[in-house]
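Residue numbers (the working numbering), protein chains in the order written: chain A, 2 to 216; chain B, 2 to 216.
Cβ coordinates follow ideal geometry from the N, Cα and C atoms, glycine included.
Protein chains: 2
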Amino acid sequence: MTEEELMLQQLFDEDKLTDKQKKIIVAAIETFSEKGYAASSTSEIAKKAGVAEGTIFRHYKTKKELLISIVAPLMTKFIAPIVVKDFNKVLDREFETVEEFLRATIENRRDLLIRMLPVVKIMFQEIPFQPELREQFFDLIVKNIFIRVEKVIKGYQDKGLLIDMPPESIARLTITNILGFLFSRYILFPHLEWDDELEIERTIQFIMHGVGKKD
Amino acid sequence: MTEEELMLQQLFDEDKLTDKQKKIIVAAIETFSEKGYAASSTSEIAKKAGVAEGTIFRHYKTKKELLISIVAPLMTKFIAPIVVKDFNKVLDREFETVEEFLRATIENRRDLLIRMLPVVKIMFQEIPFQPELREQFFDLIVKNIFIRVEKVIKGYQDKGLLIDMPPESIARLTITNILGFLFSRYILFPHLEWDDELEIERTIQFIMHGVGKKD
DNA sequence: TCTAAAAATGAGTGATTACTCACTTCAATT
DNA sequence: AATTGAAGTGAGTAATCACTCATTTTTAGA
């Protein structure tokens with residue numbers, strides 16, 4: 002929770018927020034993540050934040066605006082760095098093998114994903130019900146990721162390291178496997194004992210077998 | 002919707018339910034699926050079912066009992082057939098290749114999955130918040146599926162058709178890919194244009210490359 | 001056709017909901 | 001020290017919530 006707060010401070014200190022405003026955001030994330038958006042009451046969030054309920058509505062016209070104001074900037078500020086930074090880094094570094102590229106991508110951002118899990122959970126919970134979020138998610142993340150991932154894939158295809166399947170399918174299948182692992186691991190069955198390193202390694206191997214070219 | 006009702010009648014006709022009880026269940030599924038459990042009101046469900054609100058509470062003590070009574074039997078009666086029937090069928094028929102097995106499994110049950118989508122959506126929405134459902138889901142489905150899938154996998158491994166990765170990992174990765182496709186296709190981005198047959202074929206190919214042994 | 005149990009009703013319950021607003025406190029500038 | 005605008009407050013509001021219960025309607029066996 003302490004690391005997450007640091008993360009949140011970094012995320013929100015551009016606009017100068019008061020202590021109470023930050024507490025509201027932290028409390029809202031915690032509550033939305035635990036109970037879901039609809040089952041969370043503004044009075045509970047206010048209580049948890051140590052703030053009067055009216056204070057919430059001074060800064061956010063509605064409860065939904067509170068939700069959006071949490072999720073939307075995190076989509077641009079948290080997900081975008083994953084896409085842009087890492088993939089630019091990758092494009093700069095030019096890994097020699099796809100395995101290295103996958104391992105770097107997954108491991109590099111796994112801890113961050115774990116720390117941001119409450120927010121990610123909110124995102125996936127609410128996207129099916131909030132059209133605004135769905136559109137934002139699609140425009141900001143899906144399109145961007147796919148465009149960039151496809152470029153990377155084409156690069157490796159040109160080097161003869163990946164099979165000739167259309168890049169968008171390779172992208173979909175690769176992302177499916179990475180997210181599928183994280184989803185099972187941290188959202189569906191977090192109570193099971195997992196050997197993370199081993200499962201990541203197997204996921205990479207599986208992807209590589211699936212789309213890599215044999216020597 | 003008509004086919005779904007037939008399906009529901011089959012599912013629930015063991016207990017003799019009145020017309021109104023069936024209408025309540027259908028309306029509850031529709032509402033829960035559209036808005037989520039917490040955002041659905043019993044008055045709305047009653048209205049949609051053409052029934053007095055009191056009638057709901059004659060048959061279900063609480064709103065949560067209504068949810069459980071919908072999801073729980075469907076976990077045993079809908080998911081179990083997929084596992085038991087198809088996999089027994091598979092064990093009886095003994096497909097010669099894993100591809101045929103995968104294709105049969107996916108295509109055979111895809112239409113059913115699509116028709117049951119509202120319920121599946123409810124399941125995945127509420128499992129993170131309802132411990133009862135999560136435990137049931139795990140005991141009834143995950144354990145069962147994995148035990149049976151692992152048997153099938155071992156069979157194919159003995160025949161030299163699958164690589165030597167531990168069966169539970171092959172099971173996890175295979176299921177991840179199938180569910181990952183269905184999740185992207187029908188829950189996250191149903192509004193996109195999809196070439197279903199093509200994507201299924203690619204998913205199968207991907208799985209096969211990932212875990213199949215080369216001739 | 002009569003009767004008794006089951007099914008269905010809908011007005012009514014207190015609790016909780018998101019949200020408002022008149023008011024107070026705080027912080028910064030002059 | 002006075003002023004001012006923003007931040008914060010919390011009692012209050014109408015609406016809605018899940019749920020109850022006395023009553024009526026329907027169903028089914030004798």
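Under the criterion of beta carbons closer than 8 angstroms, L67(A) and A29(A) qualify as touching, at roughly 6 angstroms. In the three-state DSSP reduction, L193(A) falls in the coil class, being neither helix nor strand. Residue range 43 to 50 is occupied by the alpha helix (DSSP H) that includes K48(B).
S34(B) is outside the set of residues whose beta carbon lies under 7 angstroms from a beta carbon in chain A. Counting C-beta pairs closer than 8 angstroms gives three or more between the stretch 112 to 125 of chain B and the stretch 55 to 75 of chain B, which meets the contact rule.
Under the 8 angstroms Cβ criterion, the stretch 175 to 183 of chain B counts as touching the stretch 196 to 208 of chain B, having at least three qualifying pairs.
Annotation: I148(A) to M166(A) spans about 16 angstroms, alpha carbon to alpha carbon. Close to P129(A), with beta-carbon spacing below 9 angstroms, are these residues of chain B in chain order: G37, K122, Q126, I188, L189. In the DSSP assignment, S185(B) falls outside any alpha helix (DSSP H), carrying neither H nor E. At a cut-off of 7 angstroms, the C-beta of F207(B) has a neighbouring C-beta in chain A. R203(A) has a beta carbon lying within less than 7 angstroms of a beta carbon in chain B.
For a cut-off of 8 angstroms, the C-beta gap from K24(B) to G51(B) is around 6 angstroms, short enough to register as a contact.
Taking a C-beta distance under 7 angstroms as the contact criterion, I171(B) and I154(B) qualify as a contact pair.
Within chain A, no C-beta atom comes nearer than 9 angstroms to that of M76(B); the closest sits roughly 14 angstroms away. Taking CB atoms only, T177(B) has a neighbour in chain A less than 7 angstroms away. With respect to G37(B), F79(A) sits apart: the two C-beta atoms are not nearer than 7 angstroms. Residue contact with chain A for L183(B): absent (no Cβ-Cβ distance below 7 angstroms to any residue of chain A). Per the coordinates, the alpha-carbon of K21(A) lies some 18 angstroms from the alpha-carbon of S42(A). Nearest neighbour of I71(A) by Cα position, chosen from R186(A), E31(A), W195(A), turns out to be E31(A). Under the three-state reduction of DSSP, L163(B) is assigned to strand. With a 10 Å radius around the Cβ and a threshold of 16 neighbouring Cβ atoms, R59(B) comes out exposed.
The DSSP-derived three-state label of E127(A) is helix. DSSP places T63(A) outside both helix and strand once states are collapsed to three, so it counts as coil. Nearest neighbour of E202(B) by Cα position, chosen from L174(A), I115(A), L183(A), turns out to be L174(A).
Distances from the alpha-carbon of E151(B) to those of E169(B), L118(B), T19(B) put E169(B) closest. Just so you know, the alpha carbons of E136(B) and V143(A) end up roughly 32 angstroms apart. Secondary structure of L18(B) (DSSP, three-state): coil. The alpha-carbon of T19(B) is positioned some 21 angstroms away from that of F33(B). Of all residues in the stretch 138 to 172 of chain B, only F138, F139, V143, I164, M166, P167, S170, I171 place a beta-carbon less than 9 angstroms from a beta-carbon of chain A. Within chain A, no C-beta atom comes less than 7 angstroms from the C-beta of H60(B); the nearest is roughly 23 angstroms away.
Taking the Cα positions, I164(A) is about 9 angstroms away from Y157(A).
Close CB contacts of L183(A) within its chain, under the 7 angstroms cut and outside five residues either way in sequence, are with L114 (chain order). Note that the C-beta distance between L162(A) and V99(A) is below 7 angstroms. Take the alpha-carbon of E45(B) and the one of R116(B): they are about 23 angstroms apart. F96(A) carries a coil assignment under DSSP once its states are collapsed to helix, strand and coil.
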